[in-house]
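Quick notes on the structure that follows.
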């Protein structure tokens, strides 16, 4: 038996329709395959089956973070799930980590970071637009990780409050302008990451990374191709998630006394 306020996924048994639903007492979901009552979903529970008013079959499942990211309310482009997992690995995000991000946007990556740092960790999220911060806060609250995030309305040029954080992630159009602020906040030897959409931006960023004594630089693009799940006609889907952005990762080291940037 599920309670009101629970987030569930409804999967059609006959079509590819999927719905992310926050359950409410007396609520209902209207779809092209019929109307489903929230009380039915609560009674069925995870793994259960419900019928719409016209007999269409739906299964009740627990939503994954990947699905939540694809369907959150947004006012900006979000980091796609195919990039999010690689970011977590590259930045070594784990329970207890302190993560700083700039460019909160709609809060997709904020939600991911907050899900993985655990109650012992902390996410510090900066954006210049308060309306984005409020949207991100609501999206984190819906996934029940808001308590792990400190939201701050500030331009990155003013610097960060935090020091010796475990990771920094920038989702900005001009990250090359703010590497001194990143160095002040990020612990030496730890990783920073950034997301950029074009080669021209990457070129500028790579030059700035070198000038600011960042090493172990990686630039990567991640593509995602799904296959049809029918065993009688197994082949790639007609569409794939191609280019959504380039990821750049780097690590700060001590400046050299020789004036050449690095030791």
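In this note's numbering, the protein residues as written are 209 to 471. For every residue, glycine included, the Cβ atom is placed at its ideal position computed from N, Cα and C.
Span of the alpha helix (DSSP H), counted from its first residue to its last, around residue i
i           : result
residue 397 : Counting along the chain, residue 397 falls outside any alpha helix (DSSP H), though it belongs to the beta strand (DSSP E) covering 394 to 404.
residue 483 : No statement about residue 483 is possible, as the shown extent of the chain runs from 209 to 471 and does not include it.
residue 159 : A query on residue 159 cannot be resolved here, the shown segment of the chain reaching from 209 to 471 and no further.
Assigned exposure category for residue i - 16 Cβ within 10 Å defines buried
i           : result
residue 254 : exposed
residue 466 : Because the pLDDT at residue 466 is just 44, under 50, the model does not fix this residue reliably, and the value given afterwards should be weighed accordingly. The residue is exposed, with fewer than 16 neighbouring Cβ atoms inside 10 Å.
residue 446 : exposed
residue 262 : exposed
residue 363 : exposed
residue 379 : buried
residue 417 : buried
residue 218 : buried
residue 205 : Beyond the ends of the chain as shown, which are 209 and 471, falls residue 205; an answer cannot be given.
residue 314 : buried
residue 286 : buried
residue 407 : exposed
residue 389 : buried
Limits of the beta strand (DSSP E) - the one that residue i falls within
i           : result
residue 458 : 454 to 460
residue 424 : 422 to 428
residue 278 : Looking at the DSSP string, residue 278 is not in any beta strand (DSSP E); the run it does join, the alpha helix (DSSP H), is 273 to 279.
residue 435 : Segment: none, residue 435 is in no beta strand (DSSP E) and carries neither H nor E.
residue 312 : No beta strand (DSSP E) contains residue 312, which DSSP labels as neither H nor E.
residue 226 : 226 to 230
residue 215 : 215 to 220
Chain-order list of residues whose beta-carbon lies under 6 Å from that of residue i (same chain, five-residue window excluded)
i           : result
residue 391 : 460
residue 299 : 375, 399 and 401
residue 444 : 433 and 435
residue 215 : 230 and 271
DSSP bridge partner residues for residue i (one or two, in chain order)
i           : result
residue 407 : In the DSSP output, where bridge partners are listed per residue, residue 407 has none listed.
residue 243 : 238
residue 449 : 432
residue 269 : 217
residue 473 : Examination of residue 473 is not possible in this model, given that the chain is present from 209 through 471 alone.
residue 306 : 330
Sequence-distant residues of its chain with Cβ nearer than 8 Å to residue i (five each side left out)
i           : result
residue 413 : 383, 384, 402, 404 and 456
residue 323 : 273, 351 and 353
residue 291 : 403, 430, 452, 453 and 455
residue 396 : 460, 461 and 462
residue 410 : 404, 427, 454 and 456
residue 233 : 212, 246 and 247
residue 223 : 241
residue 422 : 387, 400, 458, 459, 460 and 461
Nonlocal neighbours in the same chain, by C-beta distance under 7 Å from residue i, ignoring five residues either side
i           : result
residue 301 : 307, 321, 324, 325 and 375
residue 259 : 265
residue 251 : 209
residue 318 : 309, 312, 331, 333, 344, 348 and 357
residue 367 : 389 and 392
Closer than 8 Å to chain B by CB, residue i
i           : result
residue 278 : The structure shown contains no chain B; it is built from a single protein chain.
**Every unbroken alpha helix (DSSP H) inside the region 320 to 405 [4 residues or more]** = 338 to 350 and 387 to 393
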